[in-house]
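For reference, the structure discussed in these notes is given below.
Quick look at the structure:
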């Protein structure tokens with residue numbers, strides 16, 4: 005084989021190797037923070053679409069979000085989701101206006117688990133908190149906005165990029 | 010090794026299982042005082058087991074507060090039950106903690 009042809013083949017091989025390495029690295033990145041989002045969709049919309057998988061979530065009073073609209077400390081924002089539905093399968097808490105939408109996804113399939121979850125969020129900017137709940141009647145939805153973040157009680161916080 | 014505190018308390022009509030895990034929970038959206046992006050470092054999953062049986066998994070994103078605290082509601086919990094909580098983070102660290110209900 006001529007040296008030029010051999011170099012071409014080796015070059016193509018290494019290009020393919022680098023492409024495959026990049027493709028393998030994508031799930032790891034997606035698992036951390038960066039998410040590949042289709043054009044025209046926000047990170048939040050894409051996450052909701054992935055969770056619902058074609059289903060429609062209807063707003064329902066049986067899903068309650070306990071949250072204050074003004075967060076005194078943006079680093080610790082308490083939120084509680086309570087579901088008044090006996091056959092709840094999972095509770096998902098999402099936020100918009102941030103680089104990642106999914107905050108927590110709790111499965112409640114075991115009979116010992118009751119459909120209730122509380123946690124503390126850390127927010128960079130005001131956001132709408134959305135609870136998506138999968139039940140035997142389909143997906144239910146409820147949302148509430150945090151309209152103002154008062155302060156962040158941590159010395160190392162300086163700035164945050166826009167989503 | 011990260012410290013996990015598990016507490017079990019009777020609430021109105023259920024047992025509240027409270028979990029608190031020492032973890033920095035960096036979202037990856039913040040910058041330090043020099044303007045450098047602080048890399049993400051957060052819990053990705055918690056698994057809760059009751060008497061060696063998995064009862065729930067919680068998938069987590071980066072926007073949970075530092076040293077996260079969660080409260081779950083359980084029923085039919087009695088003295089002597091064993092609760093085990095396993096945690097996993099995005100740096101592939103993991104650990105577990107056990108608590109006997111008294």
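Protein chains in written order, with our numbering: chain U, 5 to 167; chain P, 10 to 111.
Even for Gly, the Cβ is constructed at its ideal location relative to N, Cα and C.
Note that the structure is a prediction, hence the values are computed from the model and not measured.
Check                                                                                                                       : Outcome
Beta carbon proximity, residue 109 of chain U to chain P, threshold 7 angstroms                                             : yes
For residue 19 of chain U, three-class secondary structure by DSSP                                                          : Only weak support exists for where residue 19 of chain U lies, its pLDDT of 42 falling under 50; the value from the coordinates is given anyway. Residue state, collapsed to three classes: helix.
Contact residues within the region 92-120 of chain U, judged by C-beta distance below 7 angstroms to chain P                : 99, 102, 103, 104, 106, 107, 108, 109, 110, 111, 112, 114, 116, 117, 118, 120
As assigned by DSSP and simplified to three states, the class of residue 127 of chain U                                     : coil
Minimum Cβ-Cβ distance from residue 126 of chain U to chain P less than 7 angstroms                                         : yes
Exposure label - residue 76 of chain U; buried when at least 16 CB within 10 Å                                              : exposed
Distance between residue 139 of chain U and residue 148 of chain U (C-alpha atoms, nearest Å)                               : 20 angstroms
Residue 101 of chain P at chain U interface by Cβ criterion, 7 angstroms                                                    : no
Local conformation of residue 22 of chain P per DSSP, three classes                                                         : coil
Residue nearest to residue 123 of chain U in terms of C-alpha spacing, selected from P/106, P/80, P/88, P/105               : P/80
Close Cβ partners of residue 103 of chain P (< 8 angstroms) along its chain, the five nearest in sequence each way excluded : 95, 96, 97
Residue 101 of chain P burial status per 10 Å Cβ neighbour count (16 or more: buried)                                       : exposed
Helix, strand or coil at residue 65 of chain U [DSSP, three-state]                                                          : coil
Residue 13 of chain P beta carbon less than 7 angstroms from that of residue 116 of chain U                                 : no
Cα-Cα separation between residue 44 of chain U and residue 100 of chain U, rounded to whole angstroms                       : 15 angstroms
Collapsed DSSP secondary structure at residue 57 of chain P in the structure displayed                                      : strand
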